[in-house]
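Enquirer: Under the working numbering, think of the first position of the sequence shown as 73, with each following residue one higher.
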Amino acid sequence: MTALNPRPEPDAPISRIPAGAHEEGALSCDPEAITSAADDFGHLVHRVPLGVARPGDQSQAAVVARQALAQGLPVIPRGAGHSVFGHGQIESGVVCDLTALNQIRDIQPDRMIVEAGARWSAVLAASSAHGLAPPVLTDYLELTVGGTLSAGGIGGASHQHGPQVDAVLELHILDPRTAELLVCSPDRNAGQFFAALAGHGGGGIITQATIPLSRAPQRVRAYSVPCADVRGLIANQLLVARDGRFDYLEGQIISSEGSGWNYLLEAGAFYSTAEPDDAALLSGLACDPAAAEIKDTDYATFCHRMVPGVRALAATGDWYRPHPWVSVFLPIPSVERYVAATLASLTPEQVGPLPMLLYPIRRGRVPAPALCTPQAADDGLLYSFSILRTVPADSESISTALGHNRELARNALRCGGTVYAISAIPAPAVSTL
Ligand SMILES: Cc1cc2nc3c(=O)[nH]c(=O)nc-3n(C[C@H](O)[C@H](O)[C@H](O)COP(=O)(O)OP(=O)(O)OC[C@H]3O[C@@H](n4cnc5c(N)ncnc54)[C@H](O)[C@@H]3O)c2cc1C
Numbered sequence: 073m074t075a076l077n078p079r080p081e082p083d084a085p086i087s088r089i090p091a092g093a094h095e096e097g098a099l100s101c102d103p104e105a106i107t108s109a110a111d112d113f114g115h116l117v118h119r120v121p122l123g124v125a126r127p128g129d130q131s132q133a134a135v136v137a138r139q140a141l142a143q144g145l146p147v148i149p150r151g152a153g154h155s156v157f158g159h160g161q162i163e164s165g166v167v168c169d170l171t172a173l174n175q176i177r178d179i180q181p182d183r184m185i186v187e188a189g190a191r192w193s194a195v196l197a198a199s200s201a202h203g204l205a206p207p208v209l210t211d212y213l214e215l216t217v218g219g220t221l222s223a224g225g226i227g228g229a230s231h232q233h234g235p236q237v238d239a240v241l242e243l244h245i246l247d248p249r250t251a252e253l254l255v256c257s258p259d260r261n262a263g264q265f266f267a268a269l270a271g272h273g274g275g276g277i278i279t280q281a282t283i284p285l286s287r288a289p290q291r292v293r294a295y296s297v298p299c300a301d302v303r304g305l306i307a308n309q310l311l312v313a314r315d316g317r318f319d320y321l322e323g324q325i326i327s328s329e330g331s332g333w334n335y336l337l338e339a340g341a342f343y344s345t346a347e348p349d350d351a352a353l354l355s356g357l358a359c360d361p362a363a364a365e366i367k368d369t370d371y372a373t374f375c376h377r378m379v380p381g382v383r384a385l386a387a388t389g390d391w392y393r394p395h396p397w398v399s400v401f402l403p404i405p406s407v408e409r410y411v412a413a414t415l416a417s418l419t420p421e422q423v424g425p426l427p428m429l430l431y432p433i434r435r436g437r438v439p440a441p442a443l444c445t446p447q448a449a450d451d452g453l454l455y456s457f458s459i460l461r462t463v464p465a466d467s468e469s470i471s472t473a474l475g476h477n478r479e480l481a482r483n484a485l486r487c488g489g490t491v492y493a494i495s496a497i498p499a500p501a502v503s504t505l
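(1) Do the CB positions of residue 231 and residue 435 come within less than 8 Å of each other?
(2) For ligand 1, is there any heavy atom lying closer than 7 Å to the beta carbon of residue 183?
(3) With a Cβ-Cβ cutoff of 8 Å, do residue 169 and residue 150 count as a contact?
(4) Confirm the yes/no value for this check: CB of residue 113, any heavy atom of ligand 1, distance under 7 Å.
(5) Cβ of residue 170 within 7 Å of any heavy atom in ligand 1?
(6) Could you tell me if residue 399 is buried or exposed, where buried requires 16 or more neighbouring beta carbons within 10 angstroms of its beta carbon?
(7) What are the start and end residues of each continuous beta strand (DSSP E) run of 3 or more residues lying completely inside the stretch 209–253, in chain order?
(8) Looking only at C-alpha atoms, which of 173, 104, 490, 255 sits nearest to residue 55?
(9) Residue 295: beta carbon under 7 Å from a heavy atom of ligand 1?
(10) Which residue marks the beginning of the alpha helix (DSSP H) containing residue 309, and which one marks its end?
(11) Looking at the structure shown, is residue 285 part of a helix, part of a strand, or coil, going by DSSP?
(12) Restricting to Cα atoms, I'd like to know which of 240, 115, 268, 364 is closest to residue 249.
(13) Suppose you measure from the CA of residue 212 to the CA of residue 430; what does that come to, to the nearest Å?
(14) Please go through the same chain and pick out, in chain order, the residues whose beta-carbon is closer than 7 Å to the beta-carbon of residue 463, but skip the five residues on each side of it.
(15) Grab the span of the beta strand (DSSP E) containing residue 185 for me, first residue to last.
(16) Straight-line CA distance for residue 306 to residue 104?
(17) Check for me: the beta strand (DSSP E) holding residue 425 runs from which residue to which?
(18) Could you tell me which of 346, 427, 422 sits nearest to residue 381, measuring between CA atoms?
(19) At the level of alpha carbons, what is the spacing between residue 98 and residue 349?
(20) Does the distance from the CB of residue 282 to the CB of residue 241 come in under 8 Å?
(21) Once you ignore the five residues that flank residue 257 on each side, which residues in its own chain have a CB closer than 7 Å to its CB?
(22) With burial defined as no fewer than 16 other Cβ atoms inside 10 Å of the residue's Cβ, what is the status of residue 44: buried or exposed?
(23) Output the distance between the C-alpha atoms of residue 455 and residue 475, rounded to the nearest integer angstrom.
(24) Does the distance from the C-beta atom of residue 179 to that of residue 121 stay below 8 Å?
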């Protein structure tokens, strides 16, 4: 199973529809568009659509939805194509590529209105020009607003502000049953609103979103703190997540040559004037404060921190290899046991060059129900654990990784966890449990 696409720039959408291939809302059967739409970042699943539409505005998107409905054709919305398991693909249907629907429509001190195909990098650039930023950004910003709101949208501020889907103020959605454009919020057309959030396109095409904004910091002091083991990492994370001392909180598990795994607490303090107090921020942690790596950057550089790594992966070719990623959500009492058992079943070669991510998140006051997470602690905290595998493009490596993902999903369910639906897990893993 090799990638169908020629190599795009690493930050380009996976679905690269040739310019001029589309008239207003019309369906393109251009072979390059079809080939592109039958692939994604995972390079694991290839579903060939009948055609691809690329609406340039919301009324064109409505035309696509209406025409497909009239002809009885299924439609799948698609953003930047960074799914890993065919989530934005459809066999014998219509792919509605939303990347041209990318206008920033309005920015107010507490909110902004953006079209669903806008990437988070564009959202951040536009809001930063007003000294504002969305409260939660994903690690990688070249995903679309519609794409992450259809998945969950978890990032380093989710220990405070939850996933992106828990804080959306309003959506414009093309109803999948009628193709009618609905304005939806927690108080208006709430059923459609909550079906679309983390709905992976099944709740209709999101054409526009209103997302919250708050003051953007000017700078970030980032701390990378080695921890002794998985228990130490979790204890340190819960301490700082609960007392709220950091604005950004994640954790990485990376292979260490000859000695298993290294555990890093990754944290950030946002500031604009007074510098953070390192001693206070590192106090009480079970670690050697002198071993902490401390780095100051401006906020934009911090938000784009994945860019150098992505370029390096593109240079080695790893960015274009198959990515059978798996992410699970775990209740706090099970995290240590689950992660330790998983690490015992993995070798660094099975993971590849990307770190595993382990960090707490908090569900919001009105959690989007389609983002299925396990029982949270009283303070709303639970865990997210991701293995971002890169494997060679041969069928044996891929099927071994997918089989292991299936086992990890089963284990997560057995200990009260759930699977983040972005994962590459063959369907029976969940249904046969
Ligand atoms: C490098 C990388 C980094 C990532 N980092 C994070 C991270 O930090 N946190 C996190 O939570 N996730 C992360 N993800 C996962 C990512 O959030 C999801 O895969 C997301 O859905 C991809 O967005 P996209 O724009 O590429 O959407 P696509 O892959 O194009 O589509 C994804 C799904 O969303 C649906 N969809 C897309 N647009 C719309 C729309 N307008 N209306 C309705 N449905 C729509 C599609 O039908 C599909 O089901 C990452 C993925 C990659 C590849």
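In this text, a Cβ means the ideal position worked out from N, Cα and C, and glycines have one as well.
Just so it is clear, the structure is predicted and the values come from calculations on it, not from any experiment.
Expert: In terms of the structure at hand:
(1) No. Outside cutoff.
(2) No, the beta carbon of residue 183 sits no closer than 7 Å to any heavy atom of ligand 1.
(3) For residue 169 and residue 150, yes; Cβs fall inside 8 Å.
(4) Within the cutoff, so yes.
(5) For residue 170, the CB falls within less than 7 Å of some heavy atom of ligand 1.
(6) Within a 10 Å sphere around the beta-carbon of residue 399 sit 16 or more other beta-carbons, which makes this residue buried.
(7) The qualifying runs are 242–246.
(8) Here the chain comprises residues numbered 73 to 505, so residue 55 is not present and cannot be evaluated.
(9) Every heavy atom of ligand 1 is 7 Å or more from the Cβ of residue 295, so no.
(10) In this chain, the alpha helix (DSSP H) harbouring residue 309 covers 302–315.
(11) Three-state DSSP puts residue 285 in coil, outside helix and strand.
(12) Nearest C-alpha to residue 249: 268.
(13) One C-alpha to the other measures close to 16 Å.
(14) The residues are 393, 394, 396, 424, 469, 470, 473.
(15) DSSP places residue 185 in the uninterrupted beta strand (DSSP E) bounded by 183–187.
(16) A direct Cα-to-Cα measurement between residue 306 and residue 104 gives close to 47 Å.
(17) Annotation for residue 425: no beta strand (DSSP E) segment contains it, and DSSP assigns it neither H nor E.
(18) The alpha carbon of residue 381 has as its nearest neighbour, out of 346, 427, 422, the alpha carbon of 427.
(19) Rounded to the nearest whole angstrom, the CA to CA distance from residue 98 to residue 349 is 57 Å.
(20) A contact, by the Cβ cut-off of 8 Å.
(21) Setting aside the 5 residues that flank it on each side, residue 257 is surrounded in the same chain by 241, 242, 265, each with a C-beta closer than 7 Å to its C-beta; the list follows chain order.
(22) Any question about residue 44 goes unanswered here, given that the chain covers just 73 to 505.
(23) Across the structure, residue 455 and residue 475 are spaced so that their CA atoms are roughly 23 Å apart.
(24) No, the Cβ-Cβ distance between residue 179 and residue 121 is not below 8 Å.
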